[in-house]
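Numbering (our numbering), first residue to last: 81 to 436.
To keep things clear, I will list the structure first and then write my remarks on it.
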Amino acid sequence: MEQLRAGVHYPRSTGEFQAWFRTDEDCLDYLEWLRWPGGFTCPRCGDGTGWRLGDGRLECAGCSSRTSVTAGTIFDRTRTPLTVWFTACWLFATQKDGISALSLQRSLEIGSYQTAWAMLGRLRSVLVRPGRDRLAGTVEVDETYIGGDEPGLRGGRAPGKKVLTGIAVEVREPKGIGRCRMAVLADGSSASLHPFVTGHVRPGATVITDAWMGYHGLAGLGYVHQRRSQRAARARGEDPGELLPAVHRVASLAKRWLLGTHQGSVDEAHLPGYLNEFAFRFNRRRSASRGLVFYRLLELAAGHDPVRYRDLIVRQRSKAPPAPPGTRGHPPSLERPGANRPWRAAEMQLRLPYSG
Ligand SMILES: [Zn+2]
81 MEQLRAGVHY
91 PRSTGEFQAW
101 FRTDEDCLDY
111 LEWLRWPGGF
121 TCPRCGDGTG
131 WRLGDGRLEC
141 AGCSSRTSVT
151 AGTIFDRTRT
161 PLTVWFTACW
171 LFATQKDGIS
181 ALSLQRSLEI
191 GSYQTAWAML
201 GRLRSVLVRP
211 GRDRLAGTVE
221 VDETYIGGDE
231 PGLRGGRAPG
241 KKVLTGIAVE
251 VREPKGIGRC
261 RMAVLADGSS
271 ASLHPFVTGH
281 VRPGATVITD
291 AWMGYHGLAG
301 LGYVHQRRSQ
311 RAARARGEDP
321 GELLPAVHRV
331 ASLAKRWLLG
341 THQGSVDEAH
351 LPGYLNEFAF
361 RFNRRRSASR
371 GLVFYRLLEL
381 AAGHDPVRYR
391 DLIVRQRSKA
401 PPAPPGTRGH
411 PPSLERPGAN
421 RPWRAAEMQL
431 RLPYSG
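In structure tokens, the structure reads:
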């Protein structure tokens with residue numbers, strides 16, 4: 081595809097977003113363009129010719145199979161109108177801290193909390209692009225407990241709802257922070273930490289850690305390993321808590337976001353999705369256009385397999401899973417016909433008895 085242009089391929093502002101996506105049809109057409117920018121290609125046989133049926137589906141000229149624009153994407157069979165989906169995506173991508181399920185439910189008139197929660201869960205599940213680049217250059221790596229207030233013991237049982245989380249952050253010279261990655265760890269052993277590093281940091285990078293023995297052996301995995309000792313820092317009169325300033329900055333931002341936007345109500349089973357959401361937004365914080373972040377999100381969503389409701393809740397252990405959204409939860413479409421200036425109409429009604 082030609083280079084993406086603001087105002088042509090993605091909206092520049094909330095005003096433009098509203099002007100572009102006034103109807104569910106507009107949204108469907110945008111998804112069709114995202115999926116098949118060069119025209120329809122049959123997902124079954126790869127044939128490039130087909131025609132549109134009366135119900136909007138497309139029929140392949142090669143194998144006669146029929147498909148819809150949303151089939152095989154996370155928008156498939158969710159019964160949520162696309163105007164609602166698009167607005168949720170816009171808020172998710174453009175709000176500095178994203179949006180909570182409760183705010184989404186209220187602002188889009190979604191009938192049930194579960195429906196709003198499941199929409200955000202589906203969006204979170206598409207954020208990790210297969211084959212995405214690993215971090216490079218100089219990378220600080222550490223692990224921390226996320227999800228509670230009290231400090232936890234390393235590698236031991238997490239008290240309360242705390243989950244041991246690996247954090248890797250690119251450090252830019254002379255100062256500054258690049259991209260980050262976060263993932264839940266089983267424990268603080270090298271059997272957990274080594275795969276975290278190899279999965280998120282490109283070999284050849286300089287990896288900076290503290291002196292914890294779980295990081296022993298990184299040099300043998302193709303990294304330049306720099307270890308910073310707390311004791312040495314203390315001896316130099318430095319703050320040992322500032323040994324790895326970039327990871328500590330990112331960890332505190334992530335914890336603040338979970339406590340703020342989500343009021344800390346994230347259970348262990350869903351923490352990985354929230355960590356991916358945090359990293360998705362953090363890594364695009366310098367993007368010139370929020371509209372481009374919206375485009376990237378829809379591109380991931382349109383290219384992702386459907387996510388079933390039971391897949392969203394399947395790994396939840398601690399609490400009873402929320403009931404699947406019932407029909408009551410169907411949000412109304414956000415298609416908006418002209419409202420005909422109700423403030424003037426009200427004035428007219430008030431005047432009528434007098435003007436007659
Ligand atoms: Zn075909």
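The beta-carbon is built from N, C-alpha and C at its ideal position, and this holds for glycine as well.
The structure displayed is predicted, hence computed values, not measured ones.
query, result
"For P231, count the other beta carbons within 10 Å of its own beta carbon; 16 or more makes it buried, fewer makes it exposed. Which is it?", "With a pLDDT of 41 at P231, under the threshold of 50, the modelled position of this residue cannot be trusted; read the value that follows with caution. Exposed, since its Cβ has fewer than 16 Cβ neighbours within 10 Å."
"Quick check: what's the CA-CA separation for G126 versus L203?", "27 Å"
"Where H410 and T195 are concerned, what is the direct C-alpha to C-alpha distance, given to the nearest angstrom?", "8 Å"
"Nearest CA to the CA of G279: which residue from R186, L338, D347 and A263?", "A263"
"Rounded to a whole number of angstroms, what is the C-alpha to C-alpha distance between F120 and S180?", "36 Å"
"How far does the beta strand (DSSP E) with A248 in it reach, from first residue to last?", "V243 to V251"
"Among all the DSSP beta bridges, which residues are the ones paired with L138?", "R132 and T147"
"Pull up the distance between the alpha-carbon of Q396 and that of E348, whole angstroms please.", "Low confidence applies here, because Q396 scores a pLDDT of 46, under 50, leaving its location unreliable and the question unanswered by this model."
"Which term fits R366, buried or exposed, when burial requires 16 or more other beta carbons within 10 angstroms of its beta carbon?", "exposed"
"Would you call the stretch 203-218 and the stretch 316-324 touching, i.e. three or more CB-CB distances under 8 Å?", "no"
"Report back the beta-carbon spacing between E220 and V304 to the nearest angstrom; my notes put them in contact at under 8 Å.", "About 13 Å; that fails the 8 Å criterion."
"Based on Cα-Cα distance, which residue from R157, G371, P283 and S309 lies nearest to W292?", "S309"
"Does DSSP put H280 in a helix, in a strand, or in coil?", "helix"
"Looking at T289: is its Cβ nearer than 7 Å to the Cβ of D177?", "no"
"Can you say whether Q185 is buried or exposed, counting buried as having 16 or more other CB atoms within 10 angstroms of its CB?", "buried"
"Can you tell which of P352, V206 and A271 has its C-alpha closest to the C-alpha of L380?", "V206"
"Give me whichever residues DSSP pairs with L442 in a beta bridge.", "The question about residue 442 has no answer, for the chain in this structure spans 81 to 436."
"Cα-Cα, which of E112, V164 and R159 is closest to Q98?", "V164"
"How long is the line joining the alpha carbons of G235 and A271, rounded to whole angstroms?", "Summary for G235: the model assigns pLDDT 45, below 50, so the residue's position carries little reliability, and this model does not support an answer."
"So, under 8 Å CB-CB, D104 and S369 are touching, yes? Tell me the CB distance rounded to an integer number of Å.", "At roughly 25 Å, the Cβ-Cβ gap does not stay under 8 Å, so D104 and S369 are not in contact."
"Thinking C-alpha only, which one of A198, A382, A173 and E322 is nearest P91?", "A173"
"First and last residue of the beta strand (DSSP E) that includes Q306?", "V304 to R308"
"According to DSSP, is E415 helix, strand or coil?", "coil"
"Would you call D135 buried or exposed, if buried means 16 or more other Cβ atoms sit within 10 Å of its Cβ?", "exposed"
"Grouping DSSP H, G and I as helix and E and B as strand, with all else coil, what is S93?", "coil"
"Just the Cα atoms here: how many angstroms apart are L301 and A266?", "20 Å"
"Give the straight-line distance between the Cα atoms of T218 and C107, rounded to the nearest whole angstrom.", "41 Å"
"Should D127 be listed as close to ligand 1, given that the test is whether its C-beta is under 6 Å from any heavy atom?", "yes"
"When DSSP builds the beta bridges, which residues end up paired with I226?", "V243"
"Looking at ligand 1, does it come within less than 6 Å of C169, judged from the CB to the closest heavy atom?", "no"
"Would a C-beta distance cut-off of 7 Å place L324 and D222 closer than the cut-off?", "yes"
"My output table needs one value for P401: the three-state DSSP class, helix, strand or coil.", "Confidence is the limiting factor: at P401 the pLDDT is only 48, short of 50, which leaves the residue's position unreliable, though a coordinate-based value still follows. P401: coil per DSSP, three-state reduction."
"Return the chain-ordered list of same chain residues with a C-beta closer than 8 Å to the C-beta of P352, the five sequence neighbours on each side being excluded.", "A263 and V264"
"Determine the contact status of R282 and A216, defining contact as a CB-CB distance below 7 Å.", "yes"
"Considering just the uninterrupted stretch of the beta strand (DSSP E) at T286, what are its terminal residues?", "T286 to D290"
"Under 7 Å between the Cβ atoms of R159 and R146?", "no"
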